[in-house]
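Quick notes on the structure that follows.
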Amino acid sequence: MKLNELDTPSLLLQQDRMTRNIARMQAQLARKGVALRPHVKTGKSIDVVRRMLDAGASAITVSTLKEADYFAAHGVKDILYAVGIVPAKVAHVAELQRRGVRMTVILDSVEAARGLAQAAQQQGVCIPALIEIDCDNHRAGILPDDALLLDIAAVLHDAASTELHGVMTHSGASYDKPGEAAIRAVAQREREAVLQASQRLKAAGYPCPVVSVGSTPTALFGEDFSGITEVRAGVYVFFDLVMAGLGVCAVDDIALSVLTSVIGHQPRKQQILVDAGWMAMSRDHGTASHAVDQGYGLVCDLQGKPIGDLIIAEANQEHGVIMSRSGAALDLAAYPVGMRLRILPNHACATAAQHAQYQVVEGASEQVTATWQRFNGW
Ligand SMILES: Cc1ncc(COP(=O)(O)O)c(C=O)c1O
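If you read the sequence shown in this note's numbering, its first letter stands for residue 627, the second for the next number, and so on.
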């Protein structure tokens, strides 16, 4: 099948770029001597994740238990569920454990630790847990010097149905500021926060075999990973315009795009309308605060090359509105109705989540070489 024969909108995956991105992350962490535990929430497809595992990873991170089910069914045996655990989900985790998967969960309160211990006891299993540390006031976790750390550790350590397995953190601040120096500083803070927490646990006589950090920017630009046992990263597999805007990758590294058709023009407003609105691109406007605002996506030709400064400036449900970022006049006749274009996404995870499959292409070829299924939901 050729790109011109696919229905639009369709999600395209440029495999040569993905292969390069996987190799880059693996090489960086091999150089640093630390294990990679890829986050598979970006790809949600065994065809994508098998390539991450084949490159050298053996364990994964998931954001939903549906991901855990699916990847366990495909033979993955070591899974970190990296969203705070609640008692109602423990039966599901226990069921995965009974299927032979080493399932680890995370939590950041005494209440959640007690809830886990009680639910795991009812299930007759012992579940390992990491305590989540807040390294940048971004989202979840306790501060590394919080007295609660030892209270949570005591609950996990003392209960026969839980195992205190260590600490983890995720630096959401790594997406805030562009440039290698800024990201390096965030990576240092990320590392120091979990090391401080792990030292406190050890000083109090608790085990802390796992010290886990990670985001794509800090994984790629972090300098010192000593004391860290694993790094989690996910969006690097495809990259996106947010990562390019931060200087983490080049636009040419972005492996995901949405194939779309021109459906009309608004000459008075110098606009081209396409059939990729927010249902195809997602509502993510993560570059809005960047030096270069990419709207809802950067417009490329069928071979994947950006066309000047054309962006999806506005997005309705099924309509994307292409304009020049600078407001320059467009040669509308060069974009006839039915013409196909490709749109690079702001946030690969969010755009991929709008689609049920990847159409795989290589380089600038218009040939579709494979169709890979992906899934969504919980
Ligand atoms: C807990 C956790 N770890 C790791 C990651 C991976 O980060 P990235 O997508 O930047 O690779 C995420 C992403 O949101 C996350 O929530």
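Beta carbons: idealized from backbone N, C-alpha and C, even for Gly.
Item                                                                                                                                                                                 : Value
Excluding five sequence neighbours on each side, which residues of the same chain lie with their C-beta closer than 6 Å to the C-beta of ASN942?                                     : GLY903
Pick helix, strand or coil for ILE933, following the three-state DSSP scheme.                                                                                                        : strand
What I want to know is whether the C-beta of SER841 ends up closer than 7 Å to one or more non-hydrogen atoms of ligand 1.                                                           : yes
Report back the beta-carbon spacing between LEU956 and GLN999 to the nearest angstrom; my notes put them in contact at under 8 Å.                                                    : About 37 Å; that fails the 8 Å criterion.
Nearest by alpha-carbon distance to LEU924: which of MET965, PRO971 and ASN647 is it?                                                                                                : PRO971
Could you have a look at GLU944 and say whether DSSP puts it in helix, strand or coil?                                                                                               : coil
On the three-state DSSP scale, how would you describe THR645?                                                                                                                        : helix
Tell me the rounded alpha-carbon separation between SER824 and GLY792.                                                                                                               : 7 Å
Suppose the cutoff is 6 Å on Cβ atoms and the five residues either side in sequence are ignored; what does the same chain contact list for MET627 look like?                         : VAL994
Looking only at C-alpha atoms, which of PHE697, LYS692 and ALA661 sits nearest to ARG676?                                                                                            : PHE697
Just checking, does the region 744 to 760 make contact with the region 711 to 718 on the three C-beta pairs under 8 Å criterion?                                                     : yes
Does the beta carbon of THR687 fall short of 7 Å from some heavy atom of ligand 1?                                                                                                   : yes
Keeping to the same chain, check which residues put their C-beta closer than 6 Å to that of TRP1004; ignore five residues upstream and five downstream.                              : THR690 and LYS692
Output the boundary residues of the alpha helix (DSSP H) element that contains ILE854.                                                                                               : Taken as a continuous stretch (DSSP letters only), ILE854 belongs to no alpha helix (DSSP H), as it is neither H nor E.
Please classify GLU1081 as buried or exposed, where buried requires at least 16 other C-beta atoms within 10 Å of its C-beta.                                                        : Residue coverage of the chain in this structure runs from 627 to 1004, which leaves residue 1081 outside it and unanswerable.
Might you give, ordered along the chain, the residues of its own chain that have their beta carbon closer than 6 Å to the beta carbon of ALA681, omitting 5 neighbours on each side? : ILE648 and GLN652
Just to confirm the assignment: which complete alpha helix (DSSP H) runs, minimum length 4, are found wholly within the region 763 to 801?                                           : 774 to 784
Just to confirm before moving on: does the CB-CB distance between PHE851 and ILE809 stay below 8 Å?                                                                                  : no
For a test of the three-state rule: what should DSSP assign to LYS803, helix, strand or coil?                                                                                        : coil
So for LEU882, helix, strand or coil by DSSP?                                                                                                                                        : strand
With a threshold of 7 Å, establish whether the CB of HIS796 neighbours any heavy atom of ligand 1.                                                                                   : yes
Threshold first: 3 residues or longer. Then list the beta strand (DSSP E) segments lying entirely within the region 813 to 879, N to C.                                              : 836 to 839
Any heavy atom of ligand 3 closer than 7 Å to the beta-carbon of HIS665?                                                                                                             : What this structure holds is ligand 1, not ligand 3.
With a 10 Å radius around its C-beta and 16 neighbouring C-beta atoms as the bar for buried, classify ARG765 as buried or exposed.                                                   : exposed
Less than 7 Å between C-beta atoms, sequence neighbours within five positions excluded: which residues of the same chain meet that for HIS783?                                       : LEU790 and TYR832
Between the beta-carbon of ALA830 and the beta-carbon of VAL812, is there less than 8 Å?                                                                                             : no
If you run the structure through DSSP and keep just helix, strand and coil, what is GLN985?                                                                                          : strand
Just verifying my parser: in three-state terms, what is the DSSP assignment at GLU992?                                                                                               : coil
Between the region 766 to 782 and the region 732 to 740, do at least 3 Cβ pairs fall closer than 8 Å?                                                                                : yes
If I follow the unbroken beta strand (DSSP E) through GLU758, where does it start and stop?                                                                                          : 753 to 758
For a test of your reading of the model: does the CB of VAL727 fall under 7 Å from any non-hydrogen atom of ligand 1? Yes or no.                                                     : no
How many angstroms separate the CA atom of SER915 from the CA atom of ALA785?                                                                                                        : 46 Å
In terms of alpha-carbon separation, which member of ALA738, GLN654 and ASP704 lies closest to LEU722?                                                                               : ASP704
Suppose contacts are defined by Cβ-Cβ distances below 8 Å. Is GLY871 in contact with GLN640 by that definition?                                                                      : no
Find the nearest neighbour of GLY921 within the set LEU936, ASP927 and VAL712, judged by alpha-carbon distance.                                                                      : LEU936
How is the beta strand (DSSP E) around VAL900 delimited, first residue to last?                                                                                                      : 897 to 900
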